[in-house]
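S.K.: This structure is in structure tokens; I'll ask about it shortly.
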Amino acid sequence: MKSNESSNETKSVGNGAFKAGIWYTISTIMIKAIAVITTPIVTRMMSADDYGVAATFTSWYSLLQVICTLDLSMSVGRAKLDYPGKLNKFIGSMQLLSAFFTTCMIVLGLIFIEPLSSFMEMNKMLLTILAVYLLLTPAVTFAQTRFRYEYRYKENIFIMLYTSVTSILLTIILLYTMTDNKYIGKVVGTALPTCLLAVFFWIGSIKRKEVSINKEYWKYGLAISLPMLIHTVSLNLLATSDRVVITKFCGSGSTAIYTLAYQYAILMNIVMNAINQAWLPWFHDNYYEGNMELIRKKTKNLVMLGGFIGIGCISLAPEAIRILGPAEYKDGVYVVAPVVIGIVCQFIYSNYINIELHLKNTKYASVGTVIAAILNVVLNIIFVPKYGFIAAAYTTLFSYILLMLLHYLITRYILHIQLYDNVYFVLCLVVVTIMAVVFTYLYSHFVIRFAIMCVIGILFIIANVRNGVIKYKKIS
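Right, here's the structure in full:
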């Protein structure tokens, strides 16, 4: 009797996780699609230089946001299992710890504001906005993390809808009413709605008495997250340093072109991250239960999906760049293929990182990422001045390939875990690369590209029907 009850409970949780994961992924794709659709409006309301300045702000925020939160959200998945029934208290304690650290960072920044402004190539007004943004937004991140691990997809969908729609509308209104320095409108439009939502979450956490100093939680969270902090900071440095180097050597105009193309390619990364974030709670639960064969099978399906999305993204690059920006952005099309292949590599090695997270053995994760990030910066400094902004896409690709290899070696030979079909992963990556080369040569032939993509789509559906991912009923 107990066995049946346990089985039913596990099935119920599995169904809940699947439903939450599907809706989380779909909503993320839809919301990011809204951002893509409105990008042509924004780019046409700003000069390339203003857009480049706003892109630089976003790059610095992405890098510093991880540092200010100490990447403590990475410890939540395992804490859910180790502290059953205490997840909200744990997250509240992590939220307070990140706020303390961010405040210290802001005070330090005020002391060195002049050299900081020069180094980051942002004026004091932008630095002030950045400081407020960094202090408040972790509350939203922790709320989203809690909802995700509780499989409360409706709340997460609301957060994403609110921040996306309000940010876009406010940005357009500000750009329309401003005549000079339109980058301020873009930055404020992006930051203000999220900051207001963060205040709401802070008030809620305080009222529920979830925010507290808990040394046990802090020690637990830091033990898992600090190594991952170095990893995530290095990863963000790897992803954003190219734009900083391009600005230094090629100017804000080239940064704008690169950023627009990169943002289109990074749409795939957003989708892949959404899938991985939805997958991670399920992974933790099933790894904890010892369902290794099920994880192995499902991961192959995920990687196939990632490869298919990547090929589709590359195939439509010319049309996407033409829609997203005016004619001056057209050279950005050659950035898409290497960036997308790099994102496929990132999606593959995230599966190895999931193992490191579950085993609470994250100390090795940062080593490979630091090496890759440093190598990327060095290669950018060498090749960007010689070959222009397109070179940055290829140096980033090389770094992601190195990262994938290093994380495989960590899980296989240091942690001694052989969970995945690694040959299958490599074959998927090879197929994506071959198709990237083919589509790049066919960028001036839309009909041929469309026909090939249709064939690939049909093959993808057939493969998933055979694997049981897509089910159908025969008509009798």
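Sequence positions in the sequence shown follow the UniProt record's numbering and run 1 to 476. We put the beta carbon where it would ideally sit given N, CA and C, even for glycine.
1. Smallest Cα separation from Gly342: which of Tyr424, Thr69, Ile173, Leu238?
2. If we ignore side chains and look at the alpha-carbon of each, how far apart do Asn123 and Phe57 end up?
3. Need the endpoints of the alpha helix (DSSP H) that Val367 sits in, please.
4. Taking 8 Å as the cut-off, does the stretch 397-407 touch the stretch 255-266 (at least 3 CB pairs, one atom from each stretch)?
5. Are residue 477 and His407 closer than 8 Å when you measure CB to CB?
6. Take His358 as the anchor and find which of Ile203, Met228, Gly306 has the nearest alpha-carbon.
7. Less than 8 Å between the C-beta atoms of Cys195 and Thr137, yes or no?
8. DSSP three-state call for Lys209: helix, strand or coil?
9. Should Val340 and Gly310 be called a contact, given that it needs their Cβ atoms to be closer than 8 Å?
10. Once DSSP output is grouped into helix, strand and coil, what is the label at Thr179?
11. Drop a sphere of 10 angstroms on the beta-carbon of Glu50, count the other beta-carbons inside from all chains shown, and report buried for 16 or more, exposed for fewer.
12. Should Gly457 go down as buried or exposed, given a rule of 16 or more other Cβ atoms within 10 Å for buried?
13. If we count Cβ pairs, one from each stretch, closer than 8 Å, do we get three or more for the stretch 176-188 versus the stretch 209-221?
14. So, for Val206: in the same chain, excluding its five sequence neighbours on each side, which residues have a beta-carbon less than 8 Å away from its beta-carbon?
15. Rounding to the nearest angstrom, what Cα-Cα distance links Val303 and Asn422 in this structure?
16. So within the stretch 79-149, which uninterrupted beta strand (DSSP E) runs reach at least 3 residues, ignoring any that extend past its ends?
17. Tell me the DSSP secondary structure of Arg466 in three-state form.
18. Please confirm if the stretch 80-93 is in contact with the stretch 135-155, defined as three or more CB-CB distances below 8 Å between the two stretches.
19. Compare the Cα-Cα distances from Glu319 to each of Thr255, Leu442, Asp285 and report the closest residue.
20. Whose C-beta lies closer than 6 Å to the C-beta of Tyr394 among residues of the same chain, with five residues either side of it excluded?
21. Which residue's Cα is closest to the Cα of Ser225: Leu324, Cys68, Leu427?
22. Count the other C-beta atoms from every protein chain shown that fall within 10 angstroms of the C-beta of Arg208, then say buried if there are 16 or more, exposed otherwise.
23. Could you pull out every residue in the same chain whose Cβ sits closer than 8 Å to the Cβ of Ile371, ignoring the five residues on either side in sequence?
24. What did DSSP end up calling Met46 once you bin it into helix, strand or coil?
25. Can you list, in chain order, the residues of its chain with a C-beta nearer than 8 Å to that of Thr433? Leave out the 5 residues immediately preceding and following it.
26. Less than 8 Å between the CB atoms is what I'm expecting for Arg243 and Ala55, so what's the real figure, rounded?
27. Tell me whether the beta-carbon of Ile266 lies closer than 8 Å to the beta-carbon of Tyr329.
28. To the nearest angstrom, how far is it from the Cα of Val335 to the Cα of Ile390?
M.R.: In brief:
1. Taking the first residue of the sequence shown as position 1, residue 342 is located at position 342. For Gly342, the closest C-alpha among the options Tyr424, Thr69, Ile173, Leu238 is that of Leu238.
2. Walking along the sequence shown from the start, residue 123 turns up at place 123. Walking along the sequence shown from the start, residue 57 turns up at place 57. Those two C-alpha atoms are separated by around 10 Å.
3. Your numbering for residue 367 matches position 367 in the sequence shown. Residues 365-387.
4. These segments do not touch.
5. As displayed, the chain neither begins before 1 nor continues past 476, which places residue 477 out of reach and without an answer.
6. Residue numbering aside, residue 358 sits at position 358 when the sequence shown is read from its first letter. Comparing Cα-Cα distances from His358 to each of Ile203, Met228, Gly306, the minimum goes to Met228.
7. In the sequence shown, residue 195 corresponds to position 195, counting from 1. In the sequence shown, residue 137 corresponds to position 137, counting from 1. Contact: yes.
8. Translated into positions along the sequence shown, residue 209 becomes position 209. It is coil, neither helix nor strand.
9. Walking along the sequence shown from the start, residue 340 turns up at place 340. Walking along the sequence shown from the start, residue 310 turns up at place 310. Remark: C-beta atoms of Val340 and Gly310 approach each other more closely than 8 Å.
10. Locating residue 179 in the sequence shown gives position 179, where the first residue counts as 1. In this structure, Thr179 counts as coil in the three-state DSSP scheme.
11. Position 50 of the sequence shown, counted from the start, is the residue given in the question as residue 50. Just to set this straight, residue 50 is Asp in the shown sequence, not Glu. That one is buried.
12. One-based indexing of the sequence shown puts residue 457 at position 457. Here Gly457 is exposed, its C-beta having fewer than 16 other C-beta atoms within 10 Å.
13. The stretch 176-188, when compared against the stretch 209-221, does not touch it at the 8 Å Cβ threshold.
14. As a first step, residue 206 is located in the sequence shown; it is residue number 206 there, counting from the start. The question names Val, but residue 206 in the sequence shown is Ile. Exclusion of the five residues before and after Ile206 leaves no residue of its chain whose Cβ lies closer than 8 Å to its Cβ.
15. Sequence index remark: in the sequence shown, residue 303 carries index 303 (1-based). Sequence index remark: in the sequence shown, residue 422 carries index 422 (1-based). Distance between the alpha carbons of Val303 and Asn422: 11 Å.
16. Fully enclosed beta strand (DSSP E) runs of 3 or longer: not present.
17. As a working note, residue 466 is residue 466 in the sequence shown. DSSP, read as helix, strand or coil, puts Arg466 in helix.
18. Verdict: yes, contact present.
19. By one-based count along the sequence shown, residue 319 stands at place 319. Nearest C-alpha to Glu319: Leu442.
20. By 1-based counting over the sequence shown, the position of residue 394 is 394. Taking C-beta separations shorter than 6 Å and ignoring five residues to either side along the sequence, the partners of Tyr394 in its chain run Pro338, following chain order.
21. Numbered from its first residue, the sequence shown carries residue 225 at position 225. Distances from the alpha-carbon of Ser225 to those of Leu324, Cys68, Leu427 put Cys68 closest.
22. By one-based count along the sequence shown, residue 208 stands at place 208. The residue is exposed, with fewer than 16 neighbouring Cβ atoms inside 10 Å.
23. Taking the sequence shown and counting its residues from 1, one reaches residue 371 at position 371. So the qualifying residues of the chain are Leu402, Leu406.
24. The residue labelled residue 46 in the question sits at position 46 within the sequence shown. In the three-state DSSP reduction, Met46 falls in the coil class, being neither helix nor strand.
25. Indexing the sequence shown from 1 puts residue 433 at position 433. Excluding five sequence positions before and after Thr433, the CB atoms of its chain that fall closer than 8 Å to its own CB belong to Ile341, given in chain order.
26. Within the sequence shown, numbered from 1, the residue matching residue 243 stands at position 243. Within the sequence shown, numbered from 1, the residue matching residue 55 stands at position 55. About 6 Å separates the two Cβ atoms, so the contact holds.
27. Locating residue 266 in the sequence shown gives position 266, counting from the first residue. Locating residue 329 in the sequence shown gives position 329, counting from the first residue. The beta carbons of Ile266 and Tyr329 sit no closer together than 8 Å.
28. Here residue 335 refers to the residue found at position 335 when the sequence shown is read from its first residue. Here residue 390 refers to the residue found at position 390 when the sequence shown is read from its first residue. So the two alpha carbons sit approximately 6 Å from each other.
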